[in-house]
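Residue numbers (the UniProt record's numbering), protein chains in the order written: chain A, 1 to 342; chain B, 1 to 407; chain C, 1 to 254; chain D, 1 to 448. Just so it is clear, CB atoms sit at the ideal spot from N, CA and C, and this is done for glycine as well.
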Amino acid sequence: MDAILLQILNGLDKGSAYALIALGLTLIFGTLGVVNFAHGALFMLGAFCAVTVQKLLSLSTITLDETQKDFLGRPLEIKTPYVESWFGPETGSLIIDWSVPLAILFAIPVMLFIGYVMERGLIKHFYKRPHADQILVTFGLAIVLQEIIKYFYGANPIPTPAPSAFVGSFDFAPLLGLDTSLAYPYWRLVYFGFSTLIIGAVFAFLQFTTFGMVVRAGMADRETVGLLGIDIDKRFSIMFGIAAAVAGLAGVMYAPINSPNYHMGMDFLVLSFVVVVVGGMGSLPGAVLAGFMLGILESLASLNEVKAVLPGIDQIIIYVVAIVILLTRPRGLMGRKGVMEE
Amino acid sequence: MFGIGKRDSTLLIIVAIMALFAPFILNPFPTGSAMAQFNAGYPDLMQRFVIFGIFAIGFNLLFGLTGYLSFGHAAFLGIGSYAVVWMYKLLDYNVIPGLFLAVIVSAIFALAIGFISLRRSGIYFSILTLAFAQMMFAISYSDLIGRFLGTTITNGETGLQVYTSDPQILIDDWESVPHLLGIVEMRSTYTLDAGAWSFDFNAGYYFCAVILLIMFYLAIRIFRSPFGMMLRAVKSNQQRMNYTGLNTRPYTLAAFVISGMYAGLAGGLLASMDPLAGAERMQWTASGEVVLMTILGGAGTLIGPVLGAGFIKYFENIFAKINDNVLHSWFAILPDGMEDFMVTIVHPFVGKGWNLTLGLLFMLVVIFLPGGLVEGGQRIGRVFRRRDRNAGSVEADAAKQRNPAAE
Amino acid sequence: MAILEVKNVGKRFGGLKALDNVNLSIAENTVHAIIGPNGAGKSTLLNCLIGKLIPDTGSVMFDGQSVLGRKPFEINQMGISRVFQTPEIFGDLTVMENMLISCFAKRDGAFELNALASVASQRDVIEKAEHMLEDMKLMDKRHMHAAAMSRGDKRRLEISMCLAQDPRLLLLDEPTAGMARADTNNTIDLLKQIKEERNITIAIIEHDMHVVFSLAERITVLAQGTPLVEDTPEKIKGHPKVREAYLGESQDAA
Amino acid sequence: MSFLNLTRRGLIQTGAVAGAGLALPTYLRADAHAGYTNAPTGNTVTLGFNVPQTGPYAEEGLDELRAQELAVQHLNGEGDGGMMNTFSSKALKGNGILGKKVTFVTGDTQTKSDAARAAAKSMIEKDGAIMINGGSSSGVAVAVQGLCQEAGVIFMAGLTHSNDTTGKDKKANGFRHFFNAYMSAAALAPVLKSAYGADRRAYHLTADYTWGWTQQESIAAATEAVGWETVNNVLTPLASTDFSSYIAPVLNSGADVLVLNHYGGNMVNSLTNAVQFGLLDKEVNGKKFEIVVPLYSELMAAGAGANVQGVIGSMNWNWQLQDEGSKAFTKSFGEKYGRPPSNSAHTCYVQTLLYADAVERAGTFNPCGVGEALEGFEFDGMGNGPTLYRAEDHQCFKDVLVMKGKENPTNEYDTLEIVEQTPRAQVEYAPDHPMFAGGELGQCNPGA
């Protein structure tokens, strides 16, 4: 029982990452009609925003310590981050410690900008092109983006820890009156909360602002909205920026969960497409629902009891679920007719 | 000729000549020269060019004609390889039984996967095929079925290979590597030294090249057949097809199976050249690669996929090998400062940066040549042939059939 | 005698009654029009005839055989061809290829795996297609991409493709919708010509009274999912019920 | 049937003649009497360095490449000579190999068997490489080893830790300097016992591929032999990036040790996840919970950051070793590249020198001669103390290092510390040990 609860909790957490990535992808994929293979790369760029902020905050002055030697027998270089010399060691190290949450402030404008530029500079010209061309150009872009990151940051994962206040785990067992342990890491709980917040914010934005309403109308019927004299293109560019920012924020907060590396976007690419399609093309709630559902099912499939009966099921569960759902519900969970079916 | 039109015959003959003289064409630079780095005329790469050419031609029969974008075609490639290696393990190193088995087994799998996946269209179809292929990849990579049965089916991540303890019931003493009916070993290579140049004539390459020509010829026949026309009709307007009394499902399924058989054959040939079958051949990246090859070359054209396959394999195998030493040797004639500067400039794009170059080229091609490399060829062709514009290129028809606006 | 017999057909969409106890019989070798105001159920009825929708009640018999539960391509192979409101053609293919596909469907049936035979070697089909194009005055456009033609020509091609199959019943769904007057007249002339030259039953759903009264021999008026009246055009024109339910409002709309 | 056979054989006889006629010129074009693949002509010899340059192991591949370049310099008498000065064999003179200047070509394995074989083939077929060196996964090592056996060149394996490389997949043309899963386990078990006690219950997470399986099998056997109990072994998909669902149940399983049979990105993530779950802060069965990572590498430790602190694992070699050979190598590598070498760099460097030395001693580049010179070769001065290349399976035997994540690293390279240098005798095993059974070395193949 506790094992199942724990996996459901874990599934919600994993699912929140899937949902967040899928949400951004659906904004682009299901609404602008662009197959964006570079979406995973945007997620990766977000994570590297966190890395960058951490590195910037850790920029250091170097002093030589003659009493200690480095591996070549030279005096050891002692690095003192600027922030520590400016704000004092305690405040300074606290700032560095909180680099990941601080990176959110950095990532939002950066990712909005990247998304906007990407749309204006490249994607815009591909709305009318076949999906095949969109795949080729965005896949090319994804490779270029990740190679650029590799060039500057190397191929090795870069540890990007969460603030030390969030180290460790919270035990739900006493709360639920269970006598075993039901411990779950604080940062993952934060991630879950953060994701739901962002998902809520995106929905609220689309639901309650005039801008959002126009965009939703444009999603449903682009031509008509265009005829009303509304500059829907510009709004779509901004939506692209927002989608990029959502992916980026998902990446920033993900950095402490797994050390970012340059190909993490590709690792999520296939999965995020599966999530979006299982959710149904063009449906934002569908993407979120599918994200959580696949997260939970994936977690449950890795239960030892399940694996004992069906060895290896955890490796293929996502695909089995995708096949079953697409065969029983032709347009995924909540898909709209006619989106990407041609 | 051969029951195909004049233009198609011309194209086929050009391809045949190119294939025959590939060892010369691909090795234009003297062996010892700095430019020899760009030579691609060694057996392994030449084999890959034609094998992936076959794979892409087959994929194009599905995607280029019907518009159904399969994202799981690598599954059939892997199956083909496993089939051939299993024949090595059970019978002997003769490649022919394995190739037959590869085509048959991949056809069976394609029939099953296609039957289910073709119930959906568009992106839903793509994800279904992707899901099947990824499942098969996971199963092969960890040999889940083999483990379940307590035996070895795919030998997991190490890849399926021949061990001396295998049954090999038809084996003869002299057999140690794949061969064709005992006539010639696939790795036999004759090297012709001509002055500073050197050219490799490899038996395996020519075997693959002959099969490529046959498969290319068959693809032409299919393109020009009523069946091929029906497939293009599927892509154009399924509604009209239905109301014209045509059942689209068997057409798409037949295309899927044929294209799966091409993939299985290509996979089988990979294992015929090199007796190993690895699971990563089935991974989504491999499926994605053939999609890229086809689009890059020009989807829906006859020769495009072959060009795309050659393009990608060339970069993977040639650019990845250019290291800083090679760069320094190229720019050695420049003054020292300039040499280092040039090496620094070029460095990110070659060697370990070959992916970057490939990514950039994908973008450039798709931005400037919407019809893929074939369109590039046409544009060049047009420059040279302004005078008889009406003659048009052999590929013009096919290129025009690209959907001008899929939206 | 009736080639198409619709009996007691009803169709609901949730709470909405789209068709209610429709009885209709189309006699062989006539041009039969079905008219009615928007929302009268014309399209629903048509979709029930060609297998796109399955009615909740009743039967649809074509030449003594039920069409219900059959797939669109099977119904087509029985001899019913359909022309759509917006011309449905193979836009990426040439006009000739469009016609060839139709001819192949007639000759080879719903599926034929003739993957190795060259199209060029199928002389009989080619001749038939060329003959048809000649007849329909599309021969000079045969190398054109179908998508590049004018709307009137697309309609002409679509009708030609249907005719190439020698259908026993040709269903036209607002064949002149959205057309300029000149194109509309051309289409009317074309249909008249077809009616005269070929032994064919035509059922036409139309909004445009000009078209209906130029072509139809019998007219059924549909209102609120049920047939109001069926008669000859002359009688329909003067029918008070029809005037009331339909004509008054539609003359402006057309 | 016999008729068919006769025909086949007849075909083959003509075929063999034709085949030989076709095949011979390639490899003999330079030296008609050499009789082996890519016999070097002129005054240079080409080595092929096949390492991952793209994909998750690119950084490790880069470090291997650095070491190989350094080795080539040293062989050609450039630089300070590094380990050539401490190597017990004095056959190398700094004038290349057999007087021929050493050049090298590089290939990208992409950590995929197919790509690795393609890259190796290209170096053999196009560039005339006489040997292939490097790599950073067992799957690739086995694949390339098989290829080199067929092509008739020597293969020095690089980073490959699976028992199979010199077990059921061993080949006469292949040699491995790196240690293996069995040796890791044999070295770790006593240290684990003394650090954490004999009464421990271990929970294994194992990457679901060949290396993971052999690693788990080895460490489970070794720890059980010192009294530990294996509570569970859970196979995790290789493609996993998030291991939370595998780590979540660990605390309630009654285990007090988590063994992570993961490597590379898998290990970085699983260890990070395990520390996130606070496993190291817990007490189970009245004991502090511990994590063990059987195979460490510097790059993984760097990727996992502070999470490695206090975690025990094993390594083939480490730059902190204080023997003369290690010091000389670390110095010359550090001076050239500004960073200490990784253990895979060390392996590739040493393998390059050992190959060259074997050629010198054999007096030929013929892989059979080289193989013979390497088989049963005992030497010292290359780090890890006295070392043996065992003839039976081409596995190298030397001391194994048990490492621990350092609690207070002073700089970015100071992530691990040496806990113990386990003597070679303790990690040796019989060539027919069941974990290595099944394969055959076969005959050396000189190619053409």
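Here residue 193 (chain A) is exposed, its C-beta having fewer than 16 other C-beta atoms within 10 Å. Here the C-alpha atom of residue 61 (chain D) lies approximately 20 Å from the C-alpha atom of residue 130 (chain D). In the DSSP assignment, residue 387 (chain D) falls within the beta strand (DSSP E) that extends over 387-389. Residue-level contact check: residue 227 (chain B) touches chain C, since one or more beta carbons of chain C fall below 9 Å from its beta carbon. Partner residues in a beta bridge of residue 322 (chain D), as assigned by DSSP, do not exist. Below the 7 Å Cβ cutoff, chain D contributes no neighbours of residue 86 (chain A), its closest Cβ being approximately 23 Å away.
Within chain B, no C-beta atom comes less than 8 Å from the C-beta of residue 209 (chain C); the nearest is roughly 27 Å away.
For residue 48 (chain A), the closest Cβ of chain D is not nearer than 9 Å. A distance below 6 Å between beta-carbons, with the five flanking residues on each side excluded, links residue 26 (chain A) to the following residues of its chain, in chain order: 276, 284, 287.
Chain C has no Cβ within less than 9 Å of the Cβ of residue 352 (chain B).
Of the other Cβ atoms in all chains shown, fewer than 16 fall within 10 Å of the Cβ of residue 89 (chain A); this residue is therefore exposed. Not flagged as an interface residue toward chain B: residue 306 (chain D), since no C-beta distance is shorter than 9 Å. For the 9 Å CB-CB criterion, residue 61 (chain C) and residue 6 (chain C) form a contact.
If the five residues before and after residue 293 (chain D) are omitted, its C-beta is found closer than 7 Å to the C-beta atoms of 260, 267, 271, 311, 313, all from its own chain and listed in chain order. At a C-beta separation below 7 Å, residue 260 (chain D) has no neighbours in chain A, since its nearest C-beta there lies roughly 14 Å away. The alpha-carbon of residue 79 (chain D) is positioned some 8 Å away from that of residue 70 (chain D). Here residue 42 (chain B) has 200 as same chain residues with Cβ atoms under 6 Å from its own Cβ, once five neighbours each way along the sequence are excluded.
From the listed residues B:291, B:58, B:282, B:240, the smallest Cα separation to residue 135 (chain B) is found for B:282.
Counting C-beta pairs with one atom in each stretch, the region 92-101 of chain C and the region 141-148 of chain C have three or more that are closer than 8 Å, which means they touch. Taking C-beta atoms under 8 Å as the contact rule, residue 97 (chain C) and residue 229 (chain B) qualify, at a distance of about 6 Å. Taking all protein chains shown into account, residue 432 (chain D) has fewer than 16 neighbouring C-beta atoms within 10 Å of its C-beta and is therefore exposed. For the 9 Å CB-CB criterion, residue 41 (chain C) and residue 222 (chain C) form a contact.
Here the region 138-146 of chain B makes no contact with the region 307-320 of chain B; the two share fewer than three CB pairs at distances below 8 Å. Within the model, the alpha-carbon separation for residue 284 (chain B) versus residue 326 (chain D) is close to 43 Å. Taking the Cα positions, residue 333 (chain B) is about 56 Å away from residue 426 (chain D). Here the region 227-247 of chain B makes no contact with the region 193-211 of chain B; the two share fewer than three CB pairs at distances below 8 Å. The bridge partners DSSP lists for residue 32 (chain C) are C:203, C:218. The DSSP assignment places complete beta strand (DSSP E) segments of no fewer than 3 residues inside the region 270-311 of chain D at 290-295, in order along the chain. One Cα belongs to residue 178 (chain D), the other to residue 105 (chain B), and the distance between them is close to 40 Å. The three-state reading of DSSP puts residue 125 (chain A) in helix, counting H, G and I together. At a cut-off of 9 Å between beta carbons, residue 287 (chain A) makes no contact with chain B. Residues of the same chain with a CB within less than 6 Å of the CB of residue 103 (chain C), apart from the 5 flanking positions on each side, are 125, 128, 129, 164 in chain order. Distance from the Cα of residue 46 (chain B) is smallest, within the candidate group B:371, B:208, B:15, B:226, for B:208. Out of A:142, A:312, A:150, A:53, the CA that lies nearest to the CA of residue 239 (chain D) is found in A:312. Think of a sphere of 7 Å around the beta carbon of residue 79 (chain D): no beta carbon from chain B falls inside it, the nearest being about 15 Å out. With a threshold of 16 other beta carbon atoms within 10 Å, residue 383 (chain B) falls short and is exposed.
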